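Novice:
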Amino acid sequence: MHPHLHTKDNVACEEIMNALEECHARGFLWKSLGMCSDTKHQVNMCLRAERLKRTATNREVAKAKREKIQQAWKDIDENS
């Protein structure tokens with residue numbers, strides 16, 4: 073797998089990614105005949121799920137920051 077996929081954000085997918093690497097290590101013919109396709113699909117679904125979790129978390133953090141900034145501006149406007 074690509075080194076950038078082996079990060080702390082994708083720890084839950086490590087086992088599936090290793091299985092795909094093992095499948096690819098069996099050789100070009102094995103890979104080209106689609107013998108690794110199911111494992112590749114599992115990796116894609118796992119990485120997608122992890123990305124969706126990070127997106128949801130980032131959205132919540134951004135929402136909290138935005139509310140904090142809006143409250144600060146509201147306090148400034150009230151005190152001016």
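Position in the sequence shown (first residue = 1) + 72 = this note's numbering.
Note that the Cβ used here is the ideal one computed from N, Cα and C, for glycine as well.
Note that the structure is a prediction, hence the values are computed from the model and not measured.
1. Have a look at L105 and V83 and give me their C-alpha separation to the nearest angstrom.
2. Suppose contacts are defined by Cβ-Cβ distances below 8 angstroms. Is A198 in contact with T111 by that definition?
3. Would DSSP call C108 helix, strand or coil?
4. For the alpha helix (DSSP H) containing A97, list its first residue and its last residue.
5. Tell me the rounded alpha-carbon separation between R120 and H113.
Specialist: Inspection of the coordinates gives the following:
1. In the sequence shown, the residue the question calls residue 105 occupies position 33. In the sequence shown, the residue the question calls residue 83 occupies position 11. If you take the alpha carbons of L105 and V83, they lie about 29 angstroms apart.
2. Here the chain has residues from 73 to 152 only, and residue 198 is not among them.
3. Here the question's residue 108 lines up with position 36 in the sequence shown. Secondary structure at C108: coil, using DSSP grouped into helix, strand and coil.
4. Here residue 97 corresponds to residue number 25 of the sequence shown, with the count starting at 1. E86 to A97 is the extent of the alpha helix (DSSP H) around A97.
5. As a working mapping, residue 120 is identified with position 48 in the sequence shown. As a working mapping, residue 113 is identified with position 41 in the sequence shown. Taking the straight line from one Cα to the other gives about 10 angstroms.
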